[in-house]
Amino acid sequence: MKAINQFILQHLKTLEMVGVSMRIISFTLVSWLGPSSPFLFVWIFNTLDALLLSWCSVLKKDRAYTLLNIFWILVGVIGIVRAAEVL
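Quick note, the sequence shown lines up with residues 3 to 89 if you use my numbering.
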């Protein structure tokens, strides 16, 4: 785990940019495709970016962004469950 954290800290700005780009892509996809969007894919993709951004913000000790991205993880899990028609 320490090696992964070191890797993330060494590439923090790049990984944050990847996470933000992933979020932009997922919401752009929904905006463009509307009801024909691949919602399960979008929710999984969005939840993965929230995990990445949460990890980065935890390592930076940024409480506000940690809270925001953990919220997005929870929203993403609910979105995945709903898109998969489990609920």
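We treat Cβ as the ideally placed atom computed from N, Cα and C, and that holds for glycine.
These numbers come from a predicted model, not from an experiment.
{"query": "D64 - DSSP class collapsed to helix/strand/coil", "result": "coil"}
{"query": "Which of helix, strand or coil DSSP assigns to M3", "result": "coil"}
{"query": "Supposed close pair V60, T68 - CB separation, criterion 8 Å", "result": "5 Å"}
{"query": "I75 versus I10: straight-line alpha-carbon distance, rounded", "result": "19 Å"}
{"query": "Coarse secondary structure for E87, derived from DSSP in three states", "result": "coil"}
{"query": "L70 and E18 closer than 9 Å at C-beta", "result": "no"}
{"query": "Q8 versus A85, K62, R84, G81, residue with shortest Cα-Cα distance", "result": "K62"}
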